[in-house]
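The sequence shown begins at 1 in the numbering used here and counts up one residue at a time. Only one structure is covered here, and it is reproduced in the block below.
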Amino acid sequence: MNKRLNLYCTILLCIMSAVILYSFYAVSKDMVSGFTAGVRSADIEAKIRNDKNYANSEEYKKLMQERDESEAWARAATISFKADLNAEPATFVNQKTGKPAKVWIRTADVNYQSPRYFIAVKSLCYFVMVVLLITVLVLSFKLIARFRNSENIFLTRNLKLIRIMAFSILAYYIIWWGITLVEVYFIQQSFSLAGQTIDIAGSLDFPNGLFEIPFIFIIYEIFAIGVRMREENQLTV
């Protein structure tokens, strides 16, 4: 029985680790994109200081265009649109046929105007989110290693680690939803598409959060019950 419990709990933690690993990749990718755009901008400014004529070159104009596009994408937020039969399609060229094709947009990365302090707050929140995800990943691998080397996994020390994981995931999504909600607010103030309505719930990525948060707390409750049963059995003996 213990071996089966070890196997099932290990599988659950592996699933959770895979989901968290993808979230870590997505958040890190956004942070790296923003950092890369900043480094590119600093390099261009350094070249201008060293060579005043560089600002008139074609290379400079091309780099400036690429920099502006990179910075615009780094500041963009992903939003979802509600499924609406009255929504107007966008027209693009189908690369396979070379003909125009109508496309109904369901999600889009939209650049928006926001106060400078929000950019700083957003960067800080992203850093905290990365720290939380790293914490969850490290604890997950630590628990998996313990499960493989222990005959009884329902230990108080394991329960404490799962508690930290559960509240770290909860804090991660609270921060994520808070940032996204503010971004959606700023986007609504400055952007709209004909026939399209922003779907706030879809933009907040509720499905993932509403899966992961109960999932980890259910695991925590299972371990809490297991620890209590183990302690009661020891007292009985």
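All C-beta atoms in this analysis are idealised placements derived from N, C-alpha and C, irrespective of residue type, glycine included.
Residue V19 holds the alpha-carbon nearest to the alpha-carbon of L133 among V19, Y8, C9. For L124 and A90, the gap between their C-alpha atoms comes out near 36 Å.
Under the three-state reduction of DSSP output, T78 falls in the strand class. Rounded to whole angstroms, the gap between the alpha carbons of A42 and L193 is 34 Å. Boundaries of the beta strand (DSSP E) around T91: 90-93.
For A108, the enclosing beta strand (DSSP E) stretches over residues 107-110. The shortest CA-to-CA distance from G195 to any of V131, R75, R106, L12 is the one to R106. A101: member of the beta strand (DSSP E) spanning 100-103, first to last residue. In this structure, V27 and V130 form a Cβ contact; the two beta carbons are roughly 6 Å apart against a cut-off of 8 Å.
Straight-line measurement puts the Cα of I198 at about 6 Å from the Cα of K82.
Here D199 is bridged, per DSSP, to S80. Shown here, S123 sits in a helix according to DSSP, grouped into three states. With contacts defined as CB atoms closer than 9 Å, I144 and C14 qualify as a contacting pair. For F211, the number of other beta carbons within 10 angstroms of its own is below 16, and it is reported as exposed. When only Cα atoms are considered, T97 and Y126 end up about 41 Å apart. In the three-state scheme derived from DSSP, where H, G and I count as helix and E and B as strand, Q113 is classed as coil.
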